[in-house]
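Asks:
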Amino acid sequence: MAKELTSRSENYSQWYNDLVVKADLADNSAVRGCMVIKPYGYAIWEKMQAELDRMFKETGHVNAYFPLFIPKSFFSKEASHVEGFAKECAVVTHYRLMNDPNGKGIIVDPDAKLEEELIVRPTSETIIWSTYKTWIQSYRDLPILVNQWANVVRWEMRTRLFLRTTEFLWQEGHTAHATSQEALEETERMVNVYATFAEKFMAMPVIMGAKSANERFAGAVETYTIEALMQDGKALQSGTSHFLGQNFAKAFDVRFATKEGTEEFVWATSWGASTRLMGALIMAHSDDNGLVLPPKLAPFQVVIVPIYKQEEQLLAISEKVESIVSKLKSLGISVKYDNNDNKKPGWKFAEYELKGVPVRIAIGPRDLENGTVEVARRDTLEKQVVSMEGIELFVQKLLNDIQENIYNKAFAFRKEMTTPVETYEEFKDVLQNKGGFISAHWDGTSETEQKIKDETKATIRCIPFDQIPEEGKCVYSGNPSKGRVLFALSY
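Residue numbers for the sequence shown follow our numbering, beginning at 7 and rising by one.
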C-alpha cells in the first residue's frame with residue numbers, strides 16, 4: 007500500500023492527497039468542496055478535541071451551542087467583519103421546496119422567500135454578541151468564558167481535504183470581560199494553550215506571535231497566532247486568538263454597569279482551531295511510507311499481530327497476548343490485537359505502517375518458546391526483539407521516546423529551514439530555492455507588506471513574541487526597521 011503513495015520529493019501535494027485517502031482519514035463528498043471524515047480520521051480528531059476541551063475547561067471555560075444560521079443584518083453591524091467574510095458566505099434565501107408543476111422534480115417554492123436572508127455560520131461573533139446583550143447587565147455577569155464545538159461554512163473555490171474545505175469542524179471561544187487588560191490576558195492565555203497543545207500532543211513545534219494589520223482577523227484589534235512549518239517549507243497557521251476590543255460590544259450595544267456605577271461597553275476575545283490541525287499533523291511528520299502519528303494522538307498506540315500457521319498456535323499466542331494487553335491497558339496504553347484471519351501478517355504490517363500506529367508488536371510460536379516479542383517503532387522503522395517480561399514498561403518508555411523523537415525531528419527541520427536575510431535579493435532567492443521561514447526586517451507599513459505579497463506571494467506569518475529588538479533596514483523599502491518578522495509561503 008505504501009508503494010501506492012506518490013513520494014514527497016516527486017509531488018508533495020499529490021503525496022498529501024494520496025495519504026489522506028489511502029490511510030482512511032477522509033474522502034471527498036458528493037457536495038463539492040466538502041469532505042467525509044472517515045472513522046480513523048475522526049478518531050484522531052476526537053483525541054485532539056478531548057485534549058483541547060480538557061485544557062479549555064482547566065482554564066475556566068464552559069461549552070455552549072449557538073445557532074447555525076445568522077440573520078444577514080447582524081453582519082452589517084460590524085463593518086470590517088462583514089467585509090472580511092462577505093465573499094465566503096453561504097446564504098439561505100428560501101424555506102421550502104415544492105414539486106415542479108412541469109413535472110421536472112423538485113424546485114424551490116418561489117412563494118417561500120425569507121423576509122430576511124440567513125447566513126450559514128462562517129464564524130459566530132455576531133450571533134453570540136447579540137445573545138450576550140441579554141446575558142450581561144452588570145460587572146457581576148462578567149467574565150463570560152464560553153467555547154463552542156461546531157461546524158462552519160466558508161465558500162471555497164479551491165479545496166483540499168482538511169486544509170481548506172467549504173465546511174469544516176472547529177471550536178470557537180467567545181469571551182466577555184470588564185476590562186481591556188482582562189481581555190488581553192485571555193487572548194494571550196489561549197494562544198499559549200494552542201501552543202502547548204501543538205507541542206506537547208501534536209509534537210509540532212510552533213512559533214507564537216502577533217499578526218500584522220493586513221493579516222488580522224476581520225474585526226479584531228490584535229490577532230495572535232501559532233505558526234508551524236510543514237515539510238515542503240510552507241507555513242501553516244494552526245490556531246489564532248483575537249483581541250476584539252469593544253468592536254462587537256459597540257456593534258450590538260452590549261454594556262454593563264461598573265462597580266463605580268458608570269456604564270461601559272464590554273471587552274471581547276475570540277479564538278479558534280479547526281480540523282486544519284489534521285492537515286498539520288499529517289504534513290509535519292509523515293513520510294513516504296505513510297502516516298507518522300505522535301503516540302498521544304494515535305487512535306491506538308500499539309497493535310499486536312500474531313504470526314502462526316495452525317489454529318492451535320493462534321490459541322496459544324492469543325492466551326499470551328491477553329496478558330500483554332491487560333498489562334498495557336493498566337498503564338493507560340491503548341492497544342489493538344489484530345487476530346483477523348482474512349489478512350496475512352505482511353499485509354497487516356504494511357497497513358499499520360501506512361496508518362501511522364506508533365508501535366507494532368509481532369508474536370509467533372518461536373517467541374512463545376523464547377519468551378520474546380518483536381517490537382517495531384513507526385517513527386524510525388527500527389525493530390528489536392525484547393523480553394515479554396516487563397514488556398508494558400518497555401512499551402511505555404518507547405512511546406515517550408517516540409513522542410519526543412517526532413518533536414525533535416520537526417524542531418530540527420524548522421531550525422534548519424529558518425533563514426535570516428538582509429536584502430530583497432536574498433529574500434527572493436531563499437523563497438524560491440529553499441523555502442521555510444524567512445526572518446527579515448520590515449518597515450511596519452501595510453504598503454510594503456502588500457507589495458512583497460504581490461511580487462512573491464510570501465506573507466508575514468507573525469511578529470514573534472520572542473523577537474529581540476534589533477535596529478535594521480527593511481529588506482524591501484530600505485526604511486528603518488525595529489525588528490525582524492517571519493515571512494513564508496503558506497497554506
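Where a beta carbon is used, it is the ideal one built from N, C-alpha and C, also for glycine.
1) With a 10 Å radius around its C-beta and 16 neighbouring C-beta atoms as the bar for buried, classify W353 as buried or exposed.
2) Could you pull the DSSP bridge partners for L492 from this structure?
3) What does the Cβ neighbour count give for P300, buried or exposed, with the cut at 16 atoms within 10 Å?
4) For my contact list, E398 and L334 are in at a C-beta cut-off of 8 Å; report their separation, rounded to the angstrom.
5) Leaving out five residues on either side along the sequence, give the residues of the same chain with a beta carbon under 7 Å from the beta carbon of W21.
6) Under a Cβ-count criterion, where at least 16 other Cβ atoms within 10 Å of its own Cβ denotes burial, should A85 be classed as buried or exposed?
7) Please check the pair G179 and F306, which I expect to be a contact at CB under 8 Å, by giving their CB distance rounded to whole angstroms.
8) Roughly how many angstroms separate the alpha carbons of A8 and L321, rounded to a whole number?
9) Taking W135 as part of the alpha helix (DSSP H), name the residues at either end of that continuous run.
10) Determine the DSSP secondary structure at A8, reduced to helix, strand or coil.
11) Taking E375 as the reference, give the member of Q319, K342, M284 and M208 with the closest Cα.
12) If F262 and A201 are in contact, beta carbons under 8 Å, what's the gap, nearest whole angstrom?
13) Can we say the region 282-290 touches the region 234-254, given the rule of at least three CB pairs closer than 8 Å?
14) So, does the region 456-465 touch the region 244-254, judging by three or more C-beta pairs under 8 Å?
15) Rounded to whole angstroms, what's the CA-CA distance from W448 to P486? Just pull it up for me.
16) Just reading off the alpha helix (DSSP H) that P149 is part of, what are its end residues?
17) For S19, does the count of other Cβ atoms within 10 angstroms reach 16, so buried, or fall short, so exposed?
18) Helix, strand or coil for A290? Go by DSSP, reduced to three states.
19) Going by alpha carbons, who is nearest to E422 out of E410, P149, K265 and S445?
20) Quick check: the Cα distance between R467 and K434, rounded to an integer number of angstroms?
21) What did DSSP end up calling T185 once you bin it into helix, strand or coil?
22) Within this structure, are the beta carbons of G441 and I469 separated by less than 9 Å?
23) Would you check if the region 44-51 and the region 89-106 touch, i.e. whether three or more CB-CB distances between them fall below 8 Å?
24) What first and last residue would you give for the alpha helix (DSSP H) that runs through M61?
25) Could you compute how far the alpha carbon of T246 sits from the alpha carbon of L25?
26) Given a threshold of 16 other Cβ atoms within 10 Å of its Cβ, counted over all protein chains shown, does N17 qualify as buried or as exposed?
27) For T202, name the three-state secondary structure that DSSP assigns.
28) Is the region 143-150 close to the region 107-119, with three or more CB pairs under 8 Å?
29) Look at the alpha carbon of G278 and the alpha carbon of M163, and state the distance between them as a whole number of angstroms.
30) Would L360 and V381 qualify as a contact pair, given that the criterion is a beta-carbon distance under 9 Å?
31) In angstroms with no decimal places, state the Cα-to-Cα distance between K93 and R384.
32) Which residue marks the beginning of the alpha helix (DSSP H) containing A416, and which one marks its end?
33) Runs of 4 residues minimum, wholly inside the region 329-385: which ones carry the alpha helix (DSSP H) assignment?
34) Exposed or buried, N153, counting other C-beta atoms within 10 Å across all chains shown (16 or more means buried)?
35) Taking Cβ to Cβ, would you say Y343 is nearer than 9 Å to V331?
Replies: Reading from the atomic positions:
1) exposed
2) S445 and C468
3) buried
4) 5 Å
5) L11, T12, S13 and R14
6) exposed
7) In fact, because the Cβ distance is near 30 Å, the residues do not count as touching under 8 Å.
8) Residue confidence is low: A8 scores 49 on pLDDT, short of 50, so the model does not pin down where it sits. No coordinate-derived value is stated.
9) E131 to W141
10) Residue placement at A8 is poorly supported in this model, since its pLDDT is 49, which falls under 50; the coordinates still yield a value, given next. Helix at A8.
11) Q319
12) That pair is no contact at about 31 Å.
13) yes
14) The region 456-465 is not in contact with the region 244-254.
15) 8 Å
16) No alpha helix (DSSP H) contains P149, which DSSP labels as neither H nor E.
17) exposed
18) helix
19) S445
20) 16 Å
21) Coil at T185, not helix or strand.
22) No, the pair does not count as a contact, with Cβ atoms beyond the cut-off.
23) no
24) P45 to E64
25) 27 Å
26) exposed
27) helix
28) Not touching, per the Cβ criterion.
29) 22 Å
30) no
31) 43 Å
32) I397 to E422
33) 351-360 and 371-376
34) N153 is buried by the Cβ-count criterion.
35) In contact: Y343 and V331 (Cβ atoms closer than 9 Å).
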